[in-house]
Amino acid sequence: MEIISAEEQISEMPNPEAGEVAVNQPSLAPNEALKLVFGEYAANTQRAYARAFRDLQEWADIRELREMEDFDPLQMLEYKNQLKSSGKKASTINQTMSALRKVCKVLTEFGYLKQNPFKASVIRAEKVDTATSKGALQVSQLNAMIEANKVMQYDGRIAPLLRFRNDLVLKFLYLTAARRGEASDLRWDDIVQDGDFYVAVLRHTKSGKEQRIKLRHELHQELSEWRSLLQQNNIDSVHVFPSLGFRTLGQKMSGKGINDIVSRLGKAIGLNISAHYLRHTAITLALELGEPLQKVQSYARHASANTTIRYFHDRQLLEKNPTDSLPLI
Numbered sequence: 001m002e003i004i005s006a007e008e009q010i011s012e013m014p015n016p017e018a019g020e021v022a023v024n025q026p027s028l029a030p031n032e033a034l035k036l037v038f039g040e041y042a043a044n045t046q047r048a049y050a051r052a053f054r055d056l057q058e059w060a061d062i063r064e065l066r067e068m069e070d071f072d073p074l075q076m077l078e079y080k081n082q083l084k085s086s087g088k089k090a091s092t093i094n095q096t097m098s099a100l101r102k103v104c105k106v107l108t109e110f111g112y113l114k115q116n117p118f119k120a121s122v123i124r125a126e127k128v129d130t131a132t133s134k135g136a137l138q139v140s141q142l143n144a145m146i147e148a149n150k151v152m153q154y155d156g157r158i159a160p161l162l163r164f165r166n167d168l169v170l171k172f173l174y175l176t177a178a179r180r181g182e183a184s185d186l187r188w189d190d191i192v193q194d195g196d197f198y199v200a201v202l203r204h205t206k207s208g209k210e211q212r213i214k215l216r217h218e219l220h221q222e223l224s225e226w227r228s229l230l231q232q233n234n235i236d237s238v239h240v241f242p243s244l245g246f247r248t249l250g251q252k253m254s255g256k257g258i259n260d261i262v263s264r265l266g267k268a269i270g271l272n273i274s275a276h277y278l279r280h281t282a283i284t285l286a287l288e289l290g291e292p293l294q295k296v297q298s299y300a301r302h303a304s305a306n307t308t309i310r311y312f313h314d315r316q317l318l319e320k321n322p323t324d325s326l327p328l329i
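Using the numbering used here, you'd call the opening residue of the sequence shown number 1 and step up by one each time.
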């Protein structure tokens, strides 16, 4: 995880003068320490953290880590305000500052910075306008996408495989609220039985921690049928959703490939959507159907319930709004 510029070396730090008490220097180079801490995080998360810190370095003209010693919380606030004035969305600003907070905390705790330039009391989170967040789909729209897949023009030689896989990708993302990268990374040996249930073990998640999601009986049954279909066509792939391209047959399909499936089927019914809409739909519908917030939070694998709440549209407020009961004048 290359965050600190290559020219920064621990050996460049000044040595104590004669008679001074030697200060224990960190035993690892900064990048190695960051890799140790964030190494198990998802690759996309690591890249986001690295990009956030590099952008800060470029803005503040920080060439070496020790220059961060003079970077105080007010300058960090100034940087946040600059992001805001440049037109960045509130959610993007919050993600950037969260990444910087975590990186600065690690660098301070490991002894690379004498003081943490990030102060939570100074850097407040931006309020996210839920009205601008990605909307949930209607079940009728999901069904329309399934129907569109049945008549989609695919390569005739592998059309049955493409239809089955793409149909299953939609159902998997919707029923599990999985992220596109988690679907892309899923392998057959990640699907295991737990008593009377089947679960998918997600080994590469946003948090970097291994997580488990329940597979409904109907979904597991279709997954089993899909595996049999692959074997019948001599496609021996370890990946649940493999590429079906002639040059990449059986290889891992990228997260972008998963997203392209959803995007194409969405456009077929007049929607401009990404794979994340299916996750959003699953979480929103679960809340609207009355599932407890804590249970939906666990289902969505959100660290904070506040994140789960943001997924909940104000549809209920529109349907049962106090204005409807007020006497007309």
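Just so it is clear, CB atoms sit at the ideal spot from N, CA and C, and this is done for glycine as well.
{"Check": "In this structure, how does DSSP classify residue 258 when only helix, strand and coil are distinguished?", "Outcome": "helix"}
{"Check": "Residues in the same chain with beta-carbon distance under 6 Å from residue 271, minus the five sequence neighbours each way, listed in chain order, please.", "Outcome": "none"}
{"Check": "Please classify residue 213: does DSSP put it in a helix, a strand, or coil?", "Outcome": "strand"}
{"Check": "In its own chain, which residues sit with a C-beta less than 6 Å from the C-beta of residue 71, not counting the 5 before and 5 after it?", "Outcome": "117"}
{"Check": "Could you tell me the alpha carbon to alpha carbon distance between residue 54 and residue 186, rounded to whole angstroms?", "Outcome": "31 Å"}
{"Check": "For residue 101, I'd like the list of residues in its chain whose CB is within less than 6 Å of its CB, leaving aside the five on either flank, ordered along the chain.", "Outcome": "118"}
{"Check": "How many angstroms separate the CA atom of residue 188 from the CA atom of residue 238?", "Outcome": "6 Å"}
{"Check": "Is the CB-CB distance between residue 123 and residue 97 below 8 Å?", "Outcome": "yes"}
{"Check": "May I ask whether a heavy atom of the ligand GTP can be found less than 7 Å away from the beta carbon of residue 97?", "Outcome": "Absent from the structure shown: the ligand GTP. Ligands present: none."}
{"Check": "Could you give the distance in angstroms between the alpha-carbon of residue 130 and the alpha-carbon of residue 93?", "Outcome": "Caution is warranted here: a pLDDT of 46 is assigned to residue 130, below 50, making its placement in the model unreliable, and the coordinate value is therefore given only provisionally. Going from the Cα of residue 130 to the Cα of residue 93 covers about 15 Å."}
{"Check": "Below 8 Å on the Cβ atoms is my contact criterion, and I expect residue 198 with residue 215 to pass it. Report the Cβ-Cβ distance as a whole number of Å.", "Outcome": "5 Å"}
{"Check": "Check the DSSP bridge columns for residue 191 and list the partner residues they point to.", "Outcome": "200"}
{"Check": "Does the pairing of the stretch 36-49 with the stretch 70-88 give three or more beta-carbon distances under 8 Å?", "Outcome": "no"}
{"Check": "Look at the alpha carbon of residue 165 and the alpha carbon of residue 89, and state the distance between them as a whole number of angstroms.", "Outcome": "35 Å"}
{"Check": "With the cut-off set at 8 Å, would you say residue 142 and residue 279 are in Cβ contact?", "Outcome": "no"}
{"Check": "With 16 other CB atoms within 10 Å as the buried threshold, where does residue 149 fall?", "Outcome": "buried"}
{"Check": "Of the choices 291, 99, 144, whose alpha-carbon is the least far from that of residue 266?", "Outcome": "144"}
{"Check": "Sort 184, 225, 286 by Cα distance to residue 250 and report the nearest one.", "Outcome": "184"}
{"Check": "Are there 16 or more other CB atoms within 10 angstroms of the CB of residue 99, so buried, or fewer, so exposed?", "Outcome": "buried"}
{"Check": "Who are the Cβ neighbours of residue 52 in its own chain at under 6 Å, not counting the five residues just before and after it?", "Outcome": "96, 99, 100"}
{"Check": "Taking the straight line between their C-alpha atoms, what separation do you get for residue 340 and residue 255?", "Outcome": "Here the chain has residues from 1 to 329 only, and residue 340 is not among them."}
{"Check": "So residue 68 packs on residue 34, CB below 8 Å; how close in whole Å?", "Outcome": "Not a contact, Cβ separation roughly 14 Å."}
{"Check": "Quick check on DSSP: helix, strand or coil for residue 239?", "Outcome": "strand"}
{"Check": "Just list the residues that DSSP pairs residue 252 with in beta bridges.", "Outcome": "242"}
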